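Read top to bottom, the protein sequences are chains A and B.
Using the numbering used here, read the first sequence as starting at 35 and increasing by one per residue.
Using the numbering used here, read the second sequence as starting at 35 and increasing by one per residue.
Every residue gets a Cβ at the ideal spot worked out from N, C-alpha and C, and that includes glycine.
Being a predicted model, the structure only gives us computed values, none of them experimental.
Number of protein chains: 2
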Amino acid sequence: MREWRGGAEKAGGGDGKDGLMANGAAAVRGGGSGGRRARATLRDVAEAAGTSRSTASRALGGHGYVADHIKERVEAAAERLGYVPDVSARTLKGRSSGLVGVLVSDLRNQFYAELAAGVEHALSAAGYQMVLVDDHADEERAAAGARAFLAMRADGVLLTPVARGATETLVGHGVPVTELDRRSGVRGCDAVAIDNERGARLAVEHLIGLGHRDVGIVVDEVQWDTGRNRLKGYRSALRDAGLPVPRRHVLDLSQGEGDQAAQLAAFLDGNPALTAVFAANNVMAELVWQELKRRGSAVPEGCSVVSFDDLAWMKMVEPGLSAVRQPVFDLGGRAAELLLDRVGRDGAGRAESVVLQPELVLRGSTAPPKN
Amino acid sequence: MREWRGGAEKAGGGDGKDGLMANGAAAVRGGGSGGRRARATLRDVAEAAGTSRSTASRALGGHGYVADHIKERVEAAAERLGYVPDVSARTLKGRSSGLVGVLVSDLRNQFYAELAAGVEHALSAAGYQMVLVDDHADEERAAAGARAFLAMRADGVLLTPVARGATETLVGHGVPVTELDRRSGVRGCDAVAIDNERGARLAVEHLIGLGHRDVGIVVDEVQWDTGRNRLKGYRSALRDAGLPVPRRHVLDLSQGEGDQAAQLAAFLDGNPALTAVFAANNVMAELVWQELKRRGSAVPEGCSVVSFDDLAWMKMVEPGLSAVRQPVFDLGGRAAELLLDRVGRDGAGRAESVVLQPELVLRGSTAPPKN
DNA sequence: TTCTCACATGGGATCGATGCCACACCGACG
DNA sequence: CGTCGGTGTGGCATCGATCCCATGTGAGAA
């Protein structure tokens with residue numbers, strides 16, 4: 035549990051002039067509008083309290099011996115001057131910044147937003163601040179983010195890896211890293227992920243159980259283990275049920291730069307036998323949903339649909355979309371805790387891996403095939 | 035345009051040992067696993083290059099006179115040692131941290147996530163990092179966040195104000211602040227917001243134009259000017275059309291701590307004459323949508339619905355939900371740019387206000403009343 | 001009375017980068 | 001030959017907080 039020391043600073047609601055302006059000594063005003071003040075330093079506080087910086091530091095920090103009356107004087111002075119300790123100086127000396135870097139692939143995607151929210155929740159509970167960078171799944175941006183985290187002496191970094199580079203840089207410099215959702219394969223970092231293969235199996239086995247024999251999959255992140263493992267789960271579920279796994283039932287949208295909707299339409303046209311589609315993430319689910327709606331296919335009568343990743347809209351639509359729910363917020367929180375554990379141990383200890391289990395949420399979008 | 039200097043650090047894909055380990059002098063290893071290295075400092079680089087810290091600084095920083103061959107030697111040494119300049123030290127000396135604090139009310143709400151994404155986009159384009167704090171609309175947390183931003187010498191702060199406290203603290207310490215989406219009323223800070231009143235008018239006038247005379251509103255943020263102004267727009271649209279604005283057509287969910295769905299149900303039961311409902315934000319829209327679905331009301335035949343704030347799910351549902359679209363991502367971006375302008379001018383200049391215009395997106399959830 | 005020890009306080013070095021200033025070259029010009 | 005201006009280079013103070021250590025108190029013990 036970290037602590038940001040500094041005056042308690044009552045949440046002064048009403049009167050405009052609180053303690054901030056009461057001081058005359060260090061107050062400095064710049065040009066006309068937008069008043070600028072020199073920040074009060076520990077030295078100012080010490081002088082105002084009539085003592086030395088060392089003593090003032092001890093008084094505010096609570097270490098070592100300080101006479102009670104002096105302590106009170108110092109605290110009063112700090113409050114009066116609006117003193118806020120300078121993290122840069124503290125970091126420079128003490129080698130801990132209180133910052134944790136977080137690198138995600140697309141903040142506009144609700145999945146990553148929720149992940150970030152979970153991380154932030156855990157970090158702020160422990161007194162850390164989150165520096166959030168969106169790399170837009172771009173390797174170069176991710177590397178730049180990693181360098182920035184290094185430069186700011188981040189105490190640790192959480193990231194959804196795009197490539198090996200960022201993790202390698204950080205681990206190479208001794209910064210504790212926890213990978214989220216995906217794994218780059220770099221050794222020496224913790225990881226928290228979902229059991230993607232099992233989640234996909236759950237979804238596909240459910241479809242098979244309903245009697246589907248021709249199940250398609252729409253996937254787009256096979257460059258990462260998330261997509262790969264979901265594809266794997268899909269395949270093995272079919273195989274274990276003794277069903278064929280024809281290549282043409284797999285639509286991989288990671289490659290083609292063209293219009294995804296058009297590719298999906300062609301895929302559906304080319305596979306008229308499909309009675310169910312498994313969308314391997316929320317973006318694919320949206321795509322599939324829109325396309326089926328566009329062509330007027332009845333769900334689930336004409337085609338059952340299951341999504342991997344359960345977003346808010348999936349319970350709003352009619353019929354509700356069956357989905358593999360991932361504990362996304364928790365995933366972020368667990369990862370942050372894992373990271374902070376390691377930070378607390380000063381980076382020591384074996385790299386840990388946590389795998390969280392997804393859960394199949396059944397709604398109206400899945401039913402036995404018609405024929 | 036800020037710049038994070040430091041070795042170019044090629045995206046070394048293959049071989050495990052890149053330049054990082056090549057150096058013998060400063061390399062230090064901790065306990066068994068999880069190798070730890072002392073960070074290379076400018077001093078290390080200077081020594082490795084056989085020159086002084088000053089010269090090394092000039093060579094890397096590109097200021098002042100440095101002989102070409104020395105400059106090359108220093109750059110090579112920096113690269114070899116994996117040197118990354120220490121932001122804390124630089125901040126301490128140069129008084130600019132490269133950090134911008136961002137305070138939002140609920141990262142799990144897509145609105146705020148998108149806002150944060152827009153901010154991040156603009157900030158990272160300008161070479162700044164975003165420190166993101168979620169205050170959960172809690173005044174105390176917001177104040178704590180503001181203090182943390184102060185402590186880390188954030189160059190500026192963007193926030194969706196919960197109360198006056200946070201903005202007051204920051205402005206009082208001379209930190210440039212731009213308020214997002216809402217305004218606390220504190221003087222001395224920029225603001226970027228949506229024209230909420232006009233947005234609400236657009237929605238309600240549309241309903242009136244369709245022939246609705248009994249339009250309800252469900253609102254929950256009247257403690258902030260967003261909710262208040264939407265309510266105002268709703269009222270004035272009705273009034274201008276010569277329609278009555280009975281109190282019982284307004285459901286304010288900001289107060290009651292009880293079950294919102296139950297309150298909404300009671301509201302609808304108590305107002306059987308309502309032919310349309312205006313949901314004043316995306317959370318209310320979800321609530322209304324679910325409740326209407328639960329009670330089997332046909333939309334738009336039984337009841338038209340318009341939302342303020344257009345989320346992804348609103349185009350997925352059937353019928354699509356008509357909504358007042360806010361340029362949320364842009365709002366964040368504009369605010370960040372406004373803030374950085376001020377940061378560049380060292381806080382000088384009059385406080386600016388930007389108001390962005392929303393736009394009504396018509397889908398299937400609105401139609402003339404049946405009677 | 002002197003010594004010890006718990007308590008209290010201030011001096012000053014330190015963290016790493018920066019940038020001013022003094023100094024040391026060099027060729028050229030008076 | 002002395003001086004001047006254009007180039008390079010290194011010494012050193014600085015930013016603010018921290019913390020080790022030296023110094024200084026008073027009370028109680030020997």
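Next item on the list: Would you decide whether ARG107 (chain B) is buried or exposed? Buried here means 16 or more other CB atoms lie within 10 Å of its CB.
Entry: For the purposes of this step, residue 107 (chain B) is taken as the residue at position 73 of the second sequence. ARG107 (chain B) comes out buried.
Note to self: Starting from GLU291 (chain A), trace the alpha helix (DSSP H) in both directions and tell me its first and last residue.
What the structure shows: Taking the first residue of the first sequence as 1, we reach residue 291 (chain A) at position 257. It is not in any alpha helix (DSSP H) - GLU291 (chain A) carries neither H nor E in the DSSP assignment.
Next item on the list: Using only alpha-carbon positions, find the residue among A:VAL165, A:GLU386, A:ALA160 that is nearest to VAL138 (chain A).
Entry: Position 104 of the first sequence, counted from the start, is the residue given in the question as residue 138 (chain A). If we check each option's Cα against that of VAL138 (chain A), A:VAL165 comes out closest.
Next item on the list: Check whether the Cβ atoms of VAL79 (chain A) and ALA111 (chain A) sit closer than 8 Å, and answer yes or no.
Entry: Mapped onto the first sequence, residue 79 (chain A) falls at position 45. Mapped onto the first sequence, residue 111 (chain A) falls at position 77. Their beta carbons are under 8 Å apart, which means VAL79 (chain A) touches ALA111 (chain A) by this criterion.
Checklist line | Where LEU326 (chain A) meets chain B, residues with beta-carbon distance less than 9 Å | finding: Indexing the first sequence from 1 puts residue 326 (chain A) at position 292. Correct list: empty, because the minimum Cβ distance to chain B is about 11 Å.
Check: Would you say ALA93 (chain A) and GLU81 (chain A) are within 8 Å of each other, going by their C-beta atoms?
Finding: In the first sequence, residue 93 (chain A) corresponds to position 59, counting from 1. In the first sequence, residue 81 (chain A) corresponds to position 47, counting from 1. No, Cβ-Cβ distance for ALA93 (chain A) and GLU81 (chain A) is not below 8 Å.
Notebook entry, point to check: Taking 8 Å as the CB-CB cut-off, is GLU352 (chain A) touching chain B?
Noted result: For the purposes of this step, residue 352 (chain A) is taken as residue 318 along the first sequence, with counting starting at 1. For GLU352 (chain A), the answer is yes, since a Cβ of chain B falls inside 8 Å of its Cβ.
Item checked: Residues of the region 241-269 of chain A whose Cβ lies closer than 9 Å to any Cβ of chain B, in chain order -> none
Note to self: Once DSSP output is grouped into helix, strand and coil, what is the label at GLY58 (chain B)?
What the structure shows: Within the second sequence, numbered from 1, the residue matching residue 58 (chain B) stands at position 24. Low local confidence applies: a pLDDT of 30 at GLY58 (chain B) is under 50, so the model's placement there is unreliable, and no value is given.
Note to self: Spatial neighbours of GLY66 (chain A) within its chain, please: C-beta separation below 8 Å, excluding the five flanking residues on both sides.
What the structure shows: The residue you call residue 66 (chain A) lines up with position 32 of the first sequence. Note that GLY66 (chain A) scores a pLDDT of 29, beneath 50, so its modelled location is shaky; the value from the coordinates is reported in the next line. Correct list: empty, nothing qualifies.
Margin query: Give the list of continuous beta strand (DSSP E) stretches no shorter than 3 residues that lie fully inside the region 242-327 of chain B.
Written below: 249-253, 284-286, 310-313
Checklist line | Closest residue to GLY245 (chain B) among B:LEU285, B:ALA275, B:SER88, B:GLU202 (Cα-Cα distance) | finding: Translated into the one-based positions of the second sequence, residue 245 (chain B) becomes position 211. Looking at the Cα atoms, B:ALA275 is the closest of the given residues.
Notebook entry, point to check: If we count the other Cβ atoms within 10 Å of its Cβ and call it buried at 16 or more, is VAL389 (chain A) buried or exposed?
Noted result: As a first step, residue 389 (chain A) must be located in the first sequence, where it is residue number 355. Exposed, since its Cβ has fewer than 16 Cβ neighbours within 10 Å.
Note to self: Less than 8 Å between CB atoms is the rule here; does SER131 (chain A) satisfy it with respect to chain B?
What the structure shows: For the purposes of this step, residue 131 (chain A) is taken as the residue at position 97 of the first sequence. Output row for SER131 (chain A): interface = yes.
Margin query: Cutting at 8 Å between CB atoms, please list the residues of its own chain near PRO278 (chain A), excluding the five before and the five after it.
Written below: Position 244 of the first sequence holds residue 278 (chain A). These residues qualify, in order along the chain: LEU272.
Check: What's the gap between the Cα of VAL211 (chain B) and the Cα of LEU396 (chain A)?
Finding: On the second sequence, residue 211 (chain B) is found 177 positions in, with the first residue counted as 1. On the first sequence, residue 396 (chain A) is found 362 positions in, with the first residue counted as 1. If you take the alpha carbons of VAL211 (chain B) and LEU396 (chain A), they lie about 46 Å apart.
Notebook entry, point to check: Between which two residues does the beta strand (DSSP E) carrying THR212 (chain B) extend?
Noted result: Sequence index remark: in the second sequence, residue 212 (chain B) carries index 178 (1-based). 211-214 is the extent of the beta strand (DSSP E) around THR212 (chain B).
Margin query: Check whether chain A comes within 8 Å of ALA123 (chain B), counting only Cβ atoms and requiring the distance to be less than that.
Written below: In the second sequence, the residue the question calls residue 123 (chain B) occupies position 89. Closer than 8 Å to some Cβ of chain A, the Cβ of ALA123 (chain B) qualifies, so yes.
Note to self: Counting only C-beta atoms, is LEU214 (chain B) closer than 8 Å to chain A at any point?
What the structure shows: To locate residue 214 (chain B), count along the second sequence from 1; it is residue 180. With 8 Å as the cut-off, LEU214 (chain B) does not count as an interface residue toward chain A.
Check: Between SER399 (chain B) and chain A, is there a C-beta pair that is closer than 8 Å?
Finding: Here residue 399 (chain B) corresponds to residue number 365 of the second sequence, with the count starting at 1. Cβ-Cβ to chain A under 8 Å: no for SER399 (chain B).
Check: LEU355 (chain B) lies in the beta strand (DSSP E); which residues open and close that run?
Finding: To locate residue 355 (chain B), count along the second sequence from 1; it is residue 321. Looking at the DSSP string, LEU355 (chain B) is not in any beta strand (DSSP E), and its letter there is neither H nor E.
Item checked: C-beta neighbour in chain A for MET318 (chain B), strict 8 Å -> Residue numbering aside, residue 318 (chain B) sits at position 284 when the second sequence is read from its first letter. MET318 (chain B) does not count as touching chain A.
Note to self: Please report the straight-line C-alpha distance between GLY68 (chain B) and ARG384 (chain A), rounded to a whole angstrom.
What the structure shows: If you number the second sequence from 1, residue 68 (chain B) lands on position 34. If you number the first sequence from 1, residue 384 (chain A) lands on position 350. Residue placement at GLY68 (chain B) cannot be trusted, given a pLDDT of 34 that sits under 50; what the coordinates show is reported in the next sentence. Cα to Cα, the separation comes out at about 7 Å.
Next item on the list: Decide if the region 211-226 of chain B is in contact with the region 139-155 of chain A; the criterion is three or more beta carbon pairs, one per stretch, under 8 Å apart.
Entry: no
Next item on the list: Under 9 Å between beta-carbons, which chain B residues line up against LEU76 (chain A)? List them in chain order, please.
Entry: Position 42 of the first sequence holds residue 76 (chain A). By Cβ distance, chain B contributes nothing, its closest Cβ being about 13 Å from LEU76 (chain A), past 9 Å.
Checklist line | Where ASP78 (chain B) sits in the DSSP three-state scheme | finding: On the second sequence, position 44 is the one that residue 78 (chain B) refers to. Correct three-state label for ASP78 (chain B): helix.
Notebook entry, point to check: Could you check where the alpha helix (DSSP H) with TYR367 (chain A) kicks off and where it finishes?
Noted result: Within the first sequence, numbered from 1, the residue matching residue 367 (chain A) stands at position 333. Before going further, note that residue 367 (chain A) is Gly rather than Tyr in the sequence given. 362-378 is the span of the alpha helix (DSSP H), which, as asked, contains GLY367 (chain A).
Check: Can you tell me whether ARG368 (chain B) is buried or exposed, with buried defined as 16 or more other CB within 10 angstroms of its CB?
Finding: Position 334 of the second sequence holds residue 368 (chain B). ARG368 (chain B) is buried by the Cβ-count criterion.
Notebook entry, point to check: From B:GLY98, B:ILE104, B:ASN143, pick the residue whose C-alpha is nearest to that of ASP427 (chain B); which is it?
Noted result: The structure shown does not extend to residue 427 (chain B), since chain B spans only 35 to 405, so no value can be given for it.
Item checked: Distance, PHE312 (chain A) Cα to ASN305 (chain A) Cα -> Sequence index remark: in the first sequence, residue 305 (chain A) carries index 271 (1-based). Sequence index remark: in the first sequence, residue 312 (chain A) carries index 278 (1-based). Cα to Cα, ASN305 (chain A) sits roughly 14 Å from PHE312 (chain A).
Margin query: Taking contact to mean 3 or more Cβ pairs, one atom from each stretch, closer than 8 Å, check whether the region 95-103 of chain B and the region 157-174 of chain B are in contact.
Written below: no
Next item on the list: Count the C-beta pairs between the region 187-201 of chain B and the region 162-176 of chain B that are closer than 8 Å, then say yes if the count reaches three, no if not.
Entry: yes
Checklist line | Bounding residues of the alpha helix (DSSP H) (the contiguous stretch that carries MET164 (chain B)) | finding: In the second sequence, counting from the first residue as 1, residue 164 (chain B) sits at position 130. No alpha helix (DSSP H) contains MET164 (chain B), which is instead part of the beta strand (DSSP E) from 163-168.
Item checked: DSSP state of LEU396 (chain B) mapped onto helix, strand, coil -> Position 362 of the second sequence, counted from the start, is the residue given in the question as residue 396 (chain B). In the structure shown, LEU396 (chain B) sits in coil (DSSP, three-state: anything other than H, G, I, E or B).
Check: Going by DSSP, what residues sit across from ALA227 (chain B) in a beta bridge?
Finding: As a first step, residue 227 (chain B) is located in the second sequence; it is residue number 193 there, counting from the start. The partner list for ALA227 (chain B) (beta bridge, DSSP) reads B:VAL389.
Next item on the list: List the residues of chain B that LEU204 (chain A) touches, going by C-beta distances under 9 Å, in chain order.
Entry: Here residue 204 (chain A) corresponds to residue number 170 of the first sequence, with the count starting at 1. Neighbours of LEU204 (chain A) on chain B: none; closest Cβ ~11 Å, over 9 Å.
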